[in-house]
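For the sequence shown, the numbering used here gives the first residue as 3, with consecutive numbering after it.
Glycine is no exception: its CB is placed at the ideal position from the N, C-alpha and C atoms.
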Amino acid sequence: MRGLAGKAGVIAGGGRGIGAATALRLAEEGAAVVIGDLEEEWAQATAARIVEAGGKAIGMGLDICEPDSVAALVQTCIGTYGALNYFHANAAGATQGDVDALTISLETFDRSIALNLRSYLICTQQALPAMLEQGGGAMLYTSSGAAYGGAPWQVAYPTAKNGIHAMMRHVAARYGKEGIRANVVCPGLVLTEAALEHLTDEYREAGLRRAALPRLGKPEDLAAMAAFLMSDDAEWITGQVISVNGGMAMRD
Ligand SMILES: NC(=O)c1ccc[n+]([C@@H]2O[C@H](COP(=O)([O-])OP(=O)(O)OC[C@H]3O[C@@H](n4cnc5c(N)ncnc54)[C@H](O)[C@@H]3O)[C@@H](O)[C@H]2O)c1
């Protein structure tokens with residue numbers, strides 16, 4: 003991929019799953035990666051795999067809901083590698099009690115929005131000043147097919163994910179002339195550790211029925227798109243929501 007070798011950036015939520023696979027792929031392409039995760043040891047383990055393979059990576063503890071914690075990743079990246087060329091906001095989580103519009107409490111709704119949407123604004127606010135100062139950079143946000151799936155069993159999480167799409171378009175439109183690109187990657191059902199913790203046979207089979215291709219997703223499927231969107235091969239791509247889902251949903 004063009005233009006990743008020698009670049010540096012951050013993955014917020016890269017201790018395992020899609021974020022870890024993306025960190026490994028970026029390092030393979032020659033980029034340095036600062037990996038943050040609530041589970042500090044997971045972030046450090048991913049970084050150690052990269053360093054053992056000859057790449058450049060640092061693993062750090064992160065609470066993506068806290069501006070100072072996100073700022074520490076940005077400062078470490080700039081302090082260690084001299085630039086912040088890309089930032090991938092990827093952490094997310096389900097919230098107990100996020101069931102439907104009539105039963106969810108306002109506290110539960112607020113908790114989900116804080117983790118799954120407000121946190122991505124925090125990432126934007128912490129990353130953009132450095133990128134603007136250096137003349138540009140690539141923001142990438144992870145959403146979900148849940149944003150447009152119309153699921154009857156969850157309300158706050160898909161609402162938050164849709165909010166990311168609007169925020170990403172704002173960032174792309176507002177800062178594009180200053181060299182900032184912003185995109186969203188939207189996974190279908192990907193067999194990460196987190197997904198496997200909750201995946202019933204019934205849900206897996208329903209996913210396979212919906213997919214056009216004969217398997218569910220692997221973290222590496224998302225990592226390839228994420229690395230592409232943060233590379234110079236994507237230098238004319240901005241403001242887009244790009245689905246990587248084996249054809250589980252087909253959209254213009
Ligand atoms: N796996 C799927 O099928 C699927 C489908 C659609 C969307 N997604 C999205 O892809 C992204 C990654 O998902 P994944 O399946 O790899 O799940 P995951 O839960 O394993 O990955 C998220 C990572 O974020 C970390 N994290 C959680 N809360 C955090 C916090 N407050 N601060 C910092 N880090 C925190 C977790 O420890 C974890 O390492 C998420 O945004 C998720 O919504 C996944």
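Secondary structure note for Ile80: its alpha helix (DSSP H) is the uninterrupted segment 69-83.
Between the segment 4-20 and the segment 39-51 there are three or more C-beta pairs closer than 8 Å, enough to call the two in contact. For Gln156, the closest of Ala55, Ala184, Gly95 by C-alpha to C-alpha distance is Gly95. For the options Ala55, Arg51, Ser71, the alpha carbon positioned closest to that of Ala14 is the one of Ser71. Pro189 and Gly147 do touch by the CB rule: their CB atoms are close to 7 Å apart, below 8 Å. For Ala94, the distance from the CB to the nearest heavy atom of ligand 1 is below 6 Å.
Fewer than three beta-carbon pairs drawn from the segment 128-143 and the segment 195-204 are found closer than 8 Å, and the two stretches are therefore not classed as touching. Arg211 counts as exposed, since fewer than 16 other C-beta atoms from the protein chains shown sit within 10 angstroms of its C-beta.
CA-CA distance, Glu237 to Ala149, rounds to 26 Å. Between the C-alpha atoms of Asp203 and Gly249 there is a straight-line separation of about 20 Å. A buried status is given to Ser114, since no fewer than 16 other beta-carbon atoms sit within 10 Å of its beta-carbon. Non-local C-beta neighbours of Ser121 in its own chain, meaning closer than 6 Å and more than five positions away in sequence, comprise Ile66, Cys67, ordered along the chain. Scanning its chain for C-beta atoms nearer than 6 Å, with the 5 sequence neighbours on each side dropped, one finds around Gly63 the residues Glu42, in chain order. Non-local C-beta neighbours of Asp235 in its own chain, meaning closer than 8 Å and more than five positions away in sequence, comprise Met3, Arg4, Gly5, ordered along the chain. With fewer than 16 other Cβ atoms inside 10 Å of its own Cβ, Ser107 counts as exposed.
Distances taken from the Cβ of Leu75 to the heavy atoms of ligand 1 include none shorter than 6 Å. The beta-bridge partner set that DSSP reports for Asp39 consists of Gly63. For Ala184, the enclosing beta strand (DSSP E) starts and ends at 182-189. In this model, Ala208 and Thr126 are separated by some 35 Å (Cα to Cα). Runs of the beta strand (DSSP E) lying entirely within the segment 114-157, each at least 3 residues long, are 139-144 in chain order.
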